[in-house]
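All residue numbers for the sequence shown refer to this note's numbering, where the first residue is 33 and numbers rise by one.
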Amino acid sequence: MNTTDPNLVTKKKAIYAGLRAHLSKREAIEALVMWEDRYAAKTGFSVRYFVSDLVKKHGAGKIPAKQIHMGIVSALSQGNVKDLEDPTELINSYRKLNDLPENETRYSLPETEALEVLLKKLLLAIKEENKKNDIISYVRSQVKNLEVNKDLKSEFINWLRDHQYKIRVAGKVEVRELQKITTLFYVACCEYLGPTETDAILAQTLHALSNNGGATFTHIFKKLL
33 MNTTDPNLVT
43 KKKAIYAGLR
53 AHLSKREAIE
63 ALVMWEDRYA
73 AKTGFSVRYF
83 VSDLVKKHGA
93 GKIPAKQIHM
103 GIVSALSQGN
113 VKDLEDPTEL
123 INSYRKLNDL
133 PENETRYSLP
143 ETEALEVLLK
153 KLLLAIKEEN
163 KKNDIISYVR
173 SQVKNLEVNK
183 DLKSEFINWL
193 RDHQYKIRVA
203 GKVEVRELQK
213 ITTLFYVACC
223 EYLGPTETDA
233 ILAQTLHALS
243 NNGGATFTHI
253 FKKLL
(Lines of atoms letter the chains of each structure in order from A and count residues from 1; the text may use other names and numbers.)
(Lines give C-alpha, C1' and ligand atoms only; values in the text may rest on other atoms or scores of the structure.)
Protein backbone atom coordinates (compact mmCIF):
# COMPACT_ATOMS: atom_id res chain seq x y z
CA MET A 1 0.00 0.00 0.00
CA ASN A 2 1.28 3.45 -0.88
CA THR A 3 1.48 5.25 2.47
CA THR A 4 1.64 8.72 0.90
CA ASP A 5 -1.50 8.23 -1.15
CA PRO A 6 -3.23 5.05 0.08
CA ASN A 7 -5.02 3.00 -2.52
CA LEU A 8 -8.61 2.96 -1.29
CA VAL A 9 -9.50 -0.24 -3.13
CA THR A 10 -6.74 -2.06 -1.28
CA LYS A 11 -7.73 -0.40 2.01
CA LYS A 12 -11.35 -1.48 1.51
CA LYS A 13 -10.25 -5.09 1.04
CA ALA A 14 -8.20 -4.98 4.23
CA ILE A 15 -10.99 -3.42 6.27
CA TYR A 16 -13.44 -6.03 4.98
CA ALA A 17 -11.07 -8.82 6.02
CA GLY A 18 -10.75 -7.30 9.49
CA LEU A 19 -14.51 -6.97 9.84
CA ARG A 20 -15.38 -10.44 8.55
CA ALA A 21 -13.30 -12.08 11.25
CA HIS A 22 -15.85 -10.85 13.82
CA LEU A 23 -19.05 -9.86 11.96
CA SER A 24 -21.47 -11.59 9.61
CA LYS A 25 -21.13 -10.87 5.90
CA ARG A 26 -24.17 -8.57 5.97
CA GLU A 27 -22.90 -6.68 9.04
CA ALA A 28 -19.46 -6.30 7.44
CA ILE A 29 -20.95 -4.95 4.20
CA GLU A 30 -23.17 -2.53 6.12
CA ALA A 31 -20.08 -1.33 7.99
CA LEU A 32 -18.17 -0.85 4.72
CA VAL A 33 -21.04 1.19 3.27
CA MET A 34 -20.72 3.47 6.27
CA TRP A 35 -16.92 3.60 5.78
CA GLU A 36 -17.33 4.57 2.11
CA ASP A 37 -19.81 7.31 2.95
CA ARG A 38 -18.02 8.77 5.97
CA TYR A 39 -14.33 7.95 5.77
CA ALA A 40 -13.12 6.86 2.33
CA ALA A 41 -12.79 10.38 0.90
CA LYS A 42 -10.90 11.72 3.92
CA THR A 43 -7.11 12.13 3.76
CA GLY A 44 -6.60 10.39 7.10
CA PHE A 45 -8.43 7.34 8.38
CA SER A 46 -8.86 6.60 12.08
CA VAL A 47 -9.74 2.98 12.80
CA ARG A 48 -10.68 4.01 16.34
CA TYR A 49 -13.31 6.50 15.19
CA PHE A 50 -14.67 4.06 12.63
CA VAL A 51 -15.06 1.30 15.25
CA SER A 52 -16.60 3.85 17.62
CA ASP A 53 -19.24 4.57 14.97
CA LEU A 54 -19.88 0.85 14.62
CA VAL A 55 -20.44 0.55 18.38
CA LYS A 56 -22.92 3.45 18.26
CA LYS A 57 -24.74 1.75 15.40
CA HIS A 58 -24.95 -1.70 16.99
CA GLY A 59 -25.10 -0.70 20.63
CA ALA A 60 -22.50 -0.96 23.38
CA GLY A 61 -21.47 -4.55 24.08
CA LYS A 62 -23.21 -5.89 20.97
CA ILE A 63 -20.03 -6.28 18.92
CA PRO A 64 -16.43 -7.13 19.95
CA ALA A 65 -15.10 -3.61 19.37
CA LYS A 66 -11.56 -4.26 20.63
CA GLN A 67 -11.13 -7.37 18.50
CA ILE A 68 -12.54 -5.61 15.42
CA HIS A 69 -10.15 -2.70 15.94
CA MET A 70 -7.17 -5.05 16.23
CA GLY A 71 -8.37 -7.12 13.26
CA ILE A 72 -8.63 -4.11 10.95
CA VAL A 73 -5.23 -2.73 12.04
CA SER A 74 -3.67 -6.16 11.47
CA ALA A 75 -5.25 -6.54 8.01
CA LEU A 76 -4.16 -3.05 6.98
CA SER A 77 -0.56 -3.73 7.96
CA GLN A 78 -0.09 -7.13 6.34
CA GLY A 79 1.87 -7.40 3.10
CA ASN A 80 -0.50 -9.57 1.02
CA VAL A 81 -3.51 -7.24 1.08
CA LYS A 82 -3.85 -7.44 -2.71
CA ASP A 83 -4.75 -11.14 -2.38
CA LEU A 84 -7.72 -10.46 -0.10
CA GLU A 85 -11.33 -10.61 -1.26
CA ASP A 86 -12.60 -7.44 -2.95
CA PRO A 87 -16.07 -6.62 -1.50
CA THR A 88 -16.89 -3.94 -4.10
CA GLU A 89 -19.59 -5.95 -5.90
CA LEU A 90 -21.18 -6.98 -2.60
CA ILE A 91 -21.30 -3.34 -1.53
CA ASN A 92 -22.80 -2.23 -4.85
CA SER A 93 -25.44 -4.98 -4.65
CA TYR A 94 -26.31 -3.96 -1.09
CA ARG A 95 -26.71 -0.33 -2.15
CA LYS A 96 -29.02 -1.26 -5.04
CA LEU A 97 -31.06 -3.68 -2.91
CA ASN A 98 -31.58 -1.04 -0.22
CA ASP A 99 -32.06 1.85 -2.67
CA LEU A 100 -28.96 3.66 -1.40
CA PRO A 101 -27.08 6.17 -3.58
CA GLU A 102 -24.00 4.89 -5.37
CA ASN A 103 -20.72 5.65 -3.70
CA GLU A 104 -18.92 8.51 -5.42
CA THR A 105 -15.53 8.02 -3.78
CA ARG A 106 -12.78 8.33 -6.34
CA TYR A 107 -9.83 5.98 -6.17
CA SER A 108 -6.17 6.38 -6.97
CA LEU A 109 -5.28 3.03 -8.57
CA PRO A 110 -1.80 1.49 -8.87
CA GLU A 111 -2.13 1.67 -12.67
CA THR A 112 -3.02 5.37 -12.69
CA GLU A 113 -0.27 6.10 -10.17
CA ALA A 114 2.20 4.29 -12.45
CA LEU A 115 0.96 6.34 -15.41
CA GLU A 116 1.55 9.59 -13.50
CA VAL A 117 5.04 8.53 -12.39
CA LEU A 118 6.04 7.42 -15.89
CA LEU A 119 4.80 10.50 -17.75
CA LYS A 120 6.09 12.94 -15.15
CA LYS A 121 9.56 11.40 -15.36
CA LEU A 122 9.39 11.35 -19.15
CA LEU A 123 8.56 15.05 -19.29
CA LEU A 124 11.39 15.86 -16.89
CA ALA A 125 13.80 14.10 -19.26
CA ILE A 126 12.82 16.48 -22.08
CA LYS A 127 15.15 19.45 -21.62
CA GLU A 128 13.77 21.84 -24.25
CA GLU A 129 10.82 23.64 -22.66
CA ASN A 130 9.32 24.73 -25.98
CA LYS A 131 9.17 21.16 -27.25
CA LYS A 132 7.86 19.94 -23.92
CA ASN A 133 5.03 22.50 -24.05
CA ASP A 134 4.31 21.54 -27.68
CA ILE A 135 4.03 17.88 -26.68
CA ILE A 136 1.63 18.66 -23.83
CA SER A 137 -0.48 20.88 -26.12
CA TYR A 138 -0.61 18.14 -28.75
CA VAL A 139 -1.73 15.55 -26.20
CA ARG A 140 -4.32 17.93 -24.78
CA SER A 141 -5.76 18.58 -28.24
CA GLN A 142 -5.94 14.87 -29.13
CA VAL A 143 -6.95 13.24 -25.86
CA LYS A 144 -10.59 14.19 -26.37
CA ASN A 145 -10.67 11.80 -29.33
CA LEU A 146 -9.52 8.79 -27.32
CA GLU A 147 -12.09 6.07 -26.69
CA VAL A 148 -11.46 5.65 -22.98
CA ASN A 149 -13.39 5.85 -19.72
CA LYS A 150 -14.87 9.40 -19.54
CA ASP A 151 -13.90 9.67 -15.88
CA LEU A 152 -10.30 8.73 -16.70
CA LYS A 153 -10.20 11.17 -19.62
CA SER A 154 -11.43 14.06 -17.45
CA GLU A 155 -8.94 13.25 -14.70
CA PHE A 156 -6.07 12.96 -17.17
CA ILE A 157 -6.90 16.36 -18.64
CA ASN A 158 -6.73 17.77 -15.11
CA TRP A 159 -3.33 16.12 -14.70
CA LEU A 160 -2.10 17.74 -17.93
CA ARG A 161 -2.88 21.13 -16.39
CA ASP A 162 -1.14 20.30 -13.10
CA HIS A 163 1.31 17.40 -12.87
CA GLN A 164 0.93 17.33 -9.07
CA TYR A 165 -2.74 16.44 -9.53
CA LYS A 166 -3.66 12.88 -8.50
CA ILE A 167 -5.71 10.95 -11.04
CA ARG A 168 -8.67 9.40 -9.23
CA VAL A 169 -11.46 7.37 -10.77
CA ALA A 170 -14.72 6.05 -9.38
CA GLY A 171 -14.21 2.48 -10.60
CA LYS A 172 -11.87 0.12 -12.36
CA VAL A 173 -9.80 1.21 -15.34
CA GLU A 174 -8.72 -1.18 -18.10
CA VAL A 175 -4.98 -1.30 -18.83
CA ARG A 176 -5.75 -0.95 -22.55
CA GLU A 177 -7.27 2.47 -21.81
CA LEU A 178 -4.08 3.59 -20.11
CA GLN A 179 -2.09 2.17 -23.03
CA LYS A 180 -3.98 4.51 -25.34
CA ILE A 181 -2.81 7.46 -23.25
CA THR A 182 0.83 6.36 -23.22
CA THR A 183 0.64 5.69 -26.97
CA LEU A 184 -0.71 9.21 -27.53
CA PHE A 185 2.18 10.61 -25.50
CA TYR A 186 4.66 8.53 -27.50
CA VAL A 187 3.19 9.78 -30.80
CA ALA A 188 3.39 13.38 -29.55
CA CYS A 189 7.05 12.92 -28.57
CA CYS A 190 7.87 11.40 -31.94
CA GLU A 191 6.15 14.34 -33.63
CA TYR A 192 8.30 16.96 -31.89
CA LEU A 193 11.47 15.06 -30.94
CA GLY A 194 11.68 12.41 -33.62
CA PRO A 195 11.47 8.61 -33.07
CA THR A 196 15.16 8.13 -32.29
CA GLU A 197 15.33 10.75 -29.55
CA THR A 198 11.96 9.65 -28.19
CA ASP A 199 13.09 6.02 -27.84
CA ALA A 200 16.33 7.16 -26.19
CA ILE A 201 14.47 9.35 -23.67
CA LEU A 202 11.96 6.59 -22.94
CA ALA A 203 14.76 4.07 -22.30
CA GLN A 204 16.52 6.61 -20.07
CA THR A 205 13.28 7.24 -18.17
CA LEU A 206 12.57 3.56 -17.55
CA HIS A 207 16.14 2.97 -16.42
CA ALA A 208 15.98 5.89 -13.99
CA LEU A 209 12.65 4.70 -12.60
CA SER A 210 13.92 1.16 -12.08
CA ASN A 211 16.65 2.54 -9.83
CA ASN A 212 14.83 5.36 -8.10
CA GLY A 213 11.21 6.06 -7.29
CA GLY A 214 9.48 3.73 -9.72
CA ALA A 215 10.66 0.21 -8.95
CA THR A 216 7.30 -0.58 -7.31
CA PHE A 217 5.56 -0.06 -10.64
CA THR A 218 8.03 -1.90 -12.90
CA HIS A 219 5.56 -4.66 -13.78
CA ILE A 220 2.86 -2.07 -14.55
CA PHE A 221 5.16 -0.01 -16.79
CA LYS A 222 5.59 -3.10 -18.98
CA LYS A 223 1.80 -3.28 -19.40
CA LEU A 224 1.45 0.42 -20.22
CA LEU A 225 4.03 0.45 -23.02
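We treat Cβ as the ideally placed atom computed from N, Cα and C, and that holds for glycine.
Reference residue i, options the options, closest by Cα
| i | options | result |
| --- | --- | --- |
| L24 | L234, L40, F253 and P227 | Residue 24 lies beyond the stretch modelled for the chain, which goes from 33 to 257, so this question has no answer here. |
| A157 | F249, I123, L234 and S169 | L234 |
| L241 | A146, K45 and L40 | A146 |
| R200 | F188, E117, L55 and F217 | F188 |
| V65 | D194, H54, N130 and N190 | N130 |
| D183 | E161, I104, Q174 and T144 | T144 |
| L178 | L155, T214 and S125 | T214 |
| T250 | S169, N181, P142 and K44 | P142 |
| V205 | L216, D194 and L256 | L256 |
| R58 | R127, L155, H195 and N181 | R127 |
| L155 | R70, P119, A60 and Q236 | Q236 |
| L23 | Y71, R70, H195 and A63 | No answer is possible for residue 23: it lies beyond the span of the chain, which begins at 33 and ends at 257. |
| L132 | N112, S173, N165 and D69 | D69 |
| S109 | S125, A72, K44 and S56 | K44 |
| C222 | V207, I167 and S125 | I167 |
| V180 | L216, V113 and A60 | L216 |
| I61 | S173, S125 and N165 | S125 |
Same chain, Cβ closer than 6 Å to residue i, neighbours up to 5 away in sequence not counted
| i | result |
| --- | --- |
| N244 | none |
| A97 | V83 and V87 |
| A107 | A46, A49 and G50 |
| K89 | none |
| G93 | none |
| D118 | K45 |
| A63 | L51 and L86 |
Check whether residue i and residue j have beta carbons under 8 Å apart
| i | j | result |
| --- | --- | --- |
| L225 | K153 | no |
| V171 | A220 | yes |
| I47 | W67 | yes |
| I123 | L51 | no |
| V79 | V41 | no |
| V175 | K185 | yes |
| G91 | H54 | no |
| Y218 | T228 | no |
Same chain only: Cβ atoms within 7 Å of residue i, ignoring 5 sequence neighbours per side
| i | result |
| --- | --- |
| L21 | Given that the chain is displayed from residue 33 to residue 257, the structure contains no residue 21 and the question cannot be resolved. |
| Y197 | N190 and W191 |
| K212 | L178 and V180 |
| Y81 | none |
Same chain, Cβ closer than 8 Å to residue i, neighbours up to 5 away in sequence not counted
| i | result |
| --- | --- |
| S169 | none |
Unbroken stretches of the alpha helix (DSSP H), 4 residues or longer, contained in the segment 70-138: Entirely contained in the segment 70-138, the alpha helix (DSSP H) runs reaching 4 residues are, in chain order, 79-90, 97-109 and 120-129.
Suppose only complete runs of 4+ residues qualify. What are the alpha helix (DSSP H) ranges in the segment 190-239, listed by chain order? Counting only unbroken stretches of 4 or more residues, the alpha helix (DSSP H) elements lying wholly within the segment 190-239 are 207-225, in sequence order.
Taking only runs of the alpha helix (DSSP H) that begin and end inside the segment 33-68, which ones reach a length of at least 4 residues, in chain order? Runs of the alpha helix (DSSP H) lying entirely within the segment 33-68 and spanning at least 4 residues, in chain order: 40-52.
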